[in-house]
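Residue numbers (the working numbering), protein chains in the order written: chain A, 4 to 119; chain B, 36 to 145.
What follows is a single structure, written as structure tokens, with notes after it.
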């Protein structure tokens, strides 16, 4: 089992551009959550996808959007990039809380996004 | 979201027990207490969780106060690999996102 995989590993973009980050969940997991982690801070929840729908959303602007495919993989899209979007973007997969109260989320290694 | 409060940092000696405290005075009856840790240059990883009773697993033990307003993560014999940021998080079924605070940075001395 490869666990949670994310691509790309690193990415450099220019302010105003758009970016797409990808995530493949751990085998057997159908829920995907995305987090943003700035340097020296804890991860901040962006949103969660289950059954191809956004189920919960954190305090992030509409420039952040996502998608989940029938195979449970997911994408995070960020439009009109700002310098402040530079961060580590983490994807986590799990079973939904109502099916597993341990709610053990498996995190990928992250994508390091740098906006210049 | 119910809040948790943790010290900024703690130090421990290798092979000694470590007790990492967490206060959650506004916890509700349906909140589960979860602990995650993040090793340097890695994504967070699940450590343990509990609701009311103390819990043990291969990684750690979780001691929950009787009034549930605080909990303690116990590493029975710290190793250098346990040096990480440890996050205490409250989760309910209705709002199952993980809300990370700053966590507690654990340093382990050889």
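From the three backbone atoms N, C-alpha and C, an ideal C-beta is built for every residue, glycine too.
Quantities reported herein were computed from a predicted structural model and do not represent experimental measurements.
If you compare the alpha carbons of 66(B), 108(B), 88(B) and 143(B) with that of residue 119(B), the shortest gap goes to 143(B). Residue 53(B) is positioned such that its CB atom lies closer than 7 angstroms to that of residue 110(B). Taking all protein chains shown into account, residue 116(B) has fewer than 16 neighbouring C-beta atoms within 10 Å of its C-beta and is therefore exposed. In the DSSP assignment, residue 83(B) falls within the beta strand (DSSP E) that extends over 80-85.
By the criterion of a C-beta distance shorter than 6 angstroms, residue 42(B) is surrounded in its chain by 139, once the five residues flanking it on both sides are discounted. Here residue 64(B) carries a coil assignment [DSSP, helix/strand/coil]. When DSSP assignments are scanned along the stretch 40-117 of chain A, the uninterrupted stretches of beta strand (DSSP E) that are 3 or more residues long and fall wholly within it turn out to be 47-53, 56-60, 67-71, 77-81 and 90-97.
Here residue 32(A) is not bridged, per DSSP, to any residue.
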